[in-house]
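Heads up: the sequence shown is residues 36 to 171, going by our numbering.
All residues carry an ideal CB built from backbone N, CA and C; glycine is no exception.
Beneath this line is the structure, given in structure tokens, with notes to follow.
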Amino acid sequence: DGNHYLKLSDITELPNAWSKDLVFNSKENTLYIAYSEKGVWQLNLTTQSAKQITDVYATELAFNVSQLLMKSDGKLYSFDFDSKKTTHHHAINGRVLSISAYKDKSYVLTSKGAYLLVEKSTRLIEPQIIINGEIQ
Numbered sequence: 036d037g038n039h040y041l042k043l044s045d046i047t048e049l050p051n052a053w054s055k056d057l058v059f060n061s062k063e064n065t066l067y068i069a070y071s072e073k074g075v076w077q078l079n080l081t082t083q084s085a086k087q088i089t090d091v092y093a094t095e096l097a098f099n100v101s102q103l104l105m106k107s108d109g110k111l112y113s114f115d116f117d118s119k120k121t122t123h124h125h126a127i128n129g130r131v132l133s134i135s136a137y138k139d140k141s142y143v144l145t146s147k148g149a150y151l152l153v154e155k156s157t158r159l160i161e162p163q164i165i166i167n168g169e170i171q
């Protein structure tokens with residue numbers, strides 16, 4: 036109602052800590068929350084069950100149909116929803132500046148250009164030196 040606030044950590048198992056980013060998966064009714072010092076957590080809003088899914092300290096999150104992307108210290112990591120494994124994307128060159136995802140595609144803006152990620156393939160779609168920016 037705008038007048039009352041309740042910390043999610045008071046009613047769930049989420050950490051009582053500052054978050055850096057969060058994304059909402061409406062299909063699963065789930066929040067993915069990046070904490071500054073607690074990794075990335077998953078909160079099922081239907082059951083209010085919370086669990087840490089990775090210890091990556093992410094500052095930006097995005098998700099597509101198969102994975103959660105995480106920007107951390109200029110690098111790109113992903114959490115695969117099926118295997119429940121976290122991997123570092125070594126095929127991305129340059130410092131990661133921004134990430135975005137929609138349906139089965141993900142986009143990564145780095146200091147050396149823009150990348151397209153589709154399933155397991157990574158392709159440089161715009162090679163260019165970039166100082167700062169955001170992909171949307």
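Which term fits Gly-34, buried or exposed, when burial requires 16 or more other beta carbons within 10 angstroms of its beta carbon?
An answer regarding residue 34 cannot be provided, because it is not within the stretch 36 to 171 covered by the chain.
To the nearest whole angstrom, what separates the beta carbons of Ser-107 and Val-91, a pair I think is in contact under 8 Å?
For the purposes of this step, residue 107 is identified with residue 72 of the sequence shown, where counting begins at 1. For the purposes of this step, residue 91 is identified with residue 56 of the sequence shown, where counting begins at 1. Yes, they are in contact, since the Cβ atoms of Ser-107 and Val-91 sit about 5 Å apart, within 8 Å.
Roughly how many angstroms separate the alpha carbons of Tyr-150 and Leu-41, rounded to a whole number?
Numbered from its first residue, the sequence shown carries residue 150 at position 115. Numbered from its first residue, the sequence shown carries residue 41 at position 6. Separation of Tyr-150 and Leu-41 (C-alpha to C-alpha, rounded to the nearest whole angstrom) is 39 Å.
Which word fits Val-153, buried or exposed, when buried means at least 16 other C-beta atoms lie within 10 angstroms of its C-beta?
Residue mapping note: residue 153 aligns to position 118 of the sequence shown, counting from 1. It counts as exposed.
To the nearest angstrom, how far is the alpha carbon of Ile-164 from that of Leu-132?
The residue labelled residue 164 in the question sits at position 129 within the sequence shown. The residue labelled residue 132 in the question sits at position 97 within the sequence shown. Near 12 Å, if we compare the C-alpha coordinates of Leu-132 and Ile-164.
Would Phe-114 be called buried (16 or more neighbouring beta carbons within 10 Å of its own) or exposed?
As a working note, residue 114 is residue 79 in the sequence shown. Flag for Phe-114 reads buried.
I'd like the ranges of any alpha helix (DSSP H) spanning at least 4 consecutive residues and lying wholly in the segment 50–123.
Those alpha helix (DSSP H) runs which fall completely within the segment 50–123 and span 4+ residues do not exist here.
Put Ser-44 into one of helix, strand or coil per three-state DSSP.
Residue 44 sits at position 9 when you count from the first residue of the sequence shown. Reduced to three states, the DSSP call for Ser-44 is helix.
Collapsed DSSP secondary structure at Ile-134 in the structure displayed:
Within the sequence shown, the letter at position 99 stands for residue 134. If DSSP states are grouped into helix, strand and coil, Ile-134 belongs with the strands.
Comparing C-alpha positions only, which one of Gly-109, Leu-104, Ala-85 and Gly-129 sits nearest to Ser-135?
Counted from its first residue, the sequence shown places residue 135 at position 100. Nearest C-alpha to Ser-135: Leu-104.
How many angstroms separate the CA atom of Leu-78 from the CA atom of Lys-140?
Residue mapping note: residue 78 aligns to position 43 of the sequence shown, counting from 1. Residue mapping note: residue 140 aligns to position 105 of the sequence shown, counting from 1. Roughly 24 Å between the two C-alpha positions.
Inter-residue Cα distance where the pair is Thr-82 and Ile-166:
By one-based count along the sequence shown, residue 82 stands at place 47. By one-based count along the sequence shown, residue 166 stands at place 131. Going from the Cα of Thr-82 to the Cα of Ile-166 covers about 43 Å.
By Cβ distance below 6 Å, which residues in the same chain neighbour Ile-68 in space, the five residues on each side in sequence not counted?
Taking the sequence shown and counting its residues from 1, one reaches residue 68 at position 33. Correct list, in chain order: Ser-54, Leu-57 and Trp-76.
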